[in-house]
Amino acid sequence: MTFPIPPQIWAKRPITSLWTDFTNAYNGKTLIGSYPVGVSPSGWTSSGTTGFTTDIVALGDTTSGQALRVRGAATTGNSGSLIWDHIVPAFDVEVLMGVYVDATGGTVASRQIGSVIRRSSATDSVIFALFDSTDRDQIEINIGPISPSYAVFSWQLGTWYWMRMRSQGDDYVARVWRKVDPEPSAWTATLTDSSLTLPGQIGVSGSSRTPALIYCDFFSVSLDGTPAYGPGL
35 MTFPIPPQIW AKRPITSLWT DFTNAYNGKT LIGSYPVGVS PSGWTSSGTT GFTTDIVALG
95 DTTSGQALRV RGAATTGNSG SLIWDHIVPA FDVEVLMGVY VDATGGTVAS RQIGSVIRRS
155 SATDSVIFAL FDSTDRDQIE INIGPISPSY AVFSWQLGTW YWMRMRSQGD DYVARVWRKV
215 DPEPSAWTAT LTDSSLTLPG QIGVSGSSRT PALIYCDFFS VSLDGTPAYG PGL
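Take the sequence shown: its letter number 168 is residue 202 in our numbering, and every next letter is one higher.
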């Protein structure tokens, strides 16, 4: 069951901290919706290529017992973004998300999962993602169609990670760590780039090839300069 929020209420309630565990969604402490299992989450818009699909699934070892699942076609793989409609385009933002790439199937470079911010067109956006290179050894901050910054980070399939990304002006910083570990103080990747001049949309970015599956069990956005909320962080 969903709980749609009338536009006039959204207009009167400034959004500075929005988060979801993919069972419920909140604006601060105010419940704004719920997500049933078996369908793509309402209030999110897919910008993926044909074959890019998302749905809510029941999944153990997650924050709430549910997660967003991202899938692509078996032969070609597909990538795309799922934009959270409740957030107005923004310049400065911090995103925190919980991510997992399963250990089933797939081919090298067919899997990645992360956040997209400052998305003002199909080619203008910032994506921070775990990238499945030959040895699954890097994360990337991508501006548009290129990859101007990456950092060595040996991540593993079948492991839950936290990913935090912050955009402030032309500066982008990001960190990733296992959920079972304390959050590090150092940023894993940094980038300064002035090529994007417009505010943009915010959401989940992913690429997968069936039977490989990728999941997100928590997604949090802060627009007021404070750290994006995360349970226990």
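Here a beta-carbon is modelled for each residue, glycine too, at the ideal position from N, C-alpha and C.
Residue(s) in a DSSP beta bridge with residue i
i, result
"Y206", "S201, L225"
Minimum Cβ-Cβ distance from residue i to chain D less than 8 Å
i, result
"L230", "Among the chains in the structure shown there is no chain D, since it carries only a single protein chain."
Start-to-end residues for the beta strand (DSSP E) that takes in residue i
i, result
"G114", "112-118"
"A92", "87-92"
"F252", "248-256"
"S149", "146-153"
"T64", "64-68"
"T54", "51-54"
"V127", "127-135"
"G240", "235-242"
Rounded straight-line distance, which links the Cα of residue j to that of residue i
i, j, result
"D227", "A92", "39 Å"
"I173", "V186", "7 Å"
"G67", "S155", "27 Å"
"R198", "F165", "15 Å"
"G203", "L257", "13 Å"
"I90", "L230", "32 Å"
"T157", "V73", "28 Å"
Contacts around residue i, its chain only, beta-carbon distance under 6 Å, and the 5 residues preceding and following it disregarded
i, result
"S113", "S241"
"R268", "Lying before the first or after the last residue shown, residue 268 is absent from the chain, which here runs from 35 to 267."
"L232", "S154"
"T224", "V207"
"Q235", "I117, P123, R153"
Cβ neighbours of residue i in the same chain (closer than 7 Å, five flanking residues each side left out)
i, result
"V71", "I90, V91, A92, Q100"
Cβ contact check for the stretch 129-136 and the stretch 245-255: 3 or more pairs under 8 Å = yes
Touching by the beta-carbon criterion (3+ pairs, under 8 Å), the stretch 207-214 and the stretch 61-80 = no
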